[in-house]
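For the record, in the sequence shown the residue sitting at position 113 is 113 according to UniProt numbering, with numbers rising by one throughout.
Ideal Cβ positions, reconstructed from N, Cα and C, are used throughout, including at glycine.
From a predicted model like this one, the values you see are computed outputs, not experimental measurements.
Here the structure comes first, spelled out in structure tokens, and everything after it is commentary.
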Amino acid sequence: MKQSIVHIALVVDDYDEAIAFYTQKLHFTLIEDTYQPEQGKRWVVIAPPNSKGTTILLARASKPIQHEFIGNQAGGRVFLFLATDDFYRDYTHMVANQIEFVREPKEADYGIVAVFKDLYGNLWDLVQFDEDHPMSERL
């Protein structure tokens with residue numbers, strides 16, 4: 001059996017501001033942006049550069065309860081994990097692009113990690129796994 005998680009939905013306030021943030025500040029790739037007239041919404045898919053794994057579906061909040069979760073989809077915990085092959089290259093670039101880090105870089109038993117906020121306040125890990133860590137093979 002072969003399965004994979006294809007998309008993770010990220011609730012956003014506005015498609016265009018979310019696309020701008022992820023593509024301009026984090027250099028993600030816009031994979032798809034298709035209007036779905038029958039539902040009055042867009043199907044917007046992004047992914048980190050050169051990534052072949054799970055993508056992010058930018059899902060604009062359309063109901064009051066969904067608006068309550070923008071920026072807090074994981075109840076204040078780190079929600080998403082952005083793995084990199086060069087931590088300090090990406091960290092330096094992100095700082096230069098005014099990405100807010102709430103935890104500075106630190107060495108951990110699995111690699112180097114820092115925590116940043118996206119444009120809505122969701123927490124992300126920027127992480128470079130040590131070469132001997134099982135996750136390093138998945139990058």
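Chain C beta carbons: is any one of them nearer than 7 angstroms to that of residue i?
i   : result
D86 : Of the protein chains in this structure there is only one, and it is not chain C.
Roughly how many whole angstroms lie between the Cα atoms of residue i and residue j?
i    : j    : result
Y120 : D13  : 8 angstroms
F79  : D118 : 10 angstroms
Could you please give me the residues that DSSP links to residue i through a beta bridge?
i    : result
K117 : L123
Starting from residue i and walking both ways along the beta strand (DSSP E), at which residues does that stretch end?
i    : result
V12  : 7 to 12
Y35  : 29 to 36
E100 : Premise fails: E100 is in no beta strand (DSSP E) and is neither H nor E.
A47  : 41 to 47
Once you ignore the five residues that flank residue i on each side, which residues in its own chain have a CB closer than 7 angstroms to its CB?
i    : result
I5   : T54
E100 : F116, K117
Could you pull the start and end residues of the alpha helix (DSSP H) that residue i belongs to?
i   : result
Q66 : 64 to 67
Among the residues of its own chain, which have a CB less than 8 angstroms from the CB of residue i, if the five just before and after it don't count?
i    : result
E139 : The sequence shown places Leu at residue 139, not Glu. If we look at L139 and ignore the five residues flanking it on each side, its Cβ neighbours are A83, T84, D85, F129.
K106 : I112, V113, A114
Output needed for residue i: all residues of its chain with C-beta closer than 6 angstroms, excluding positions within five of it in sequence on either side, in chain order.
i   : result
F87 : I112, Q128
(request) Would you check if the region 84 to 104 and the region 54 to 73 touch, i.e. whether three or more CB-CB distances between them fall below 8 angstroms? (result) no
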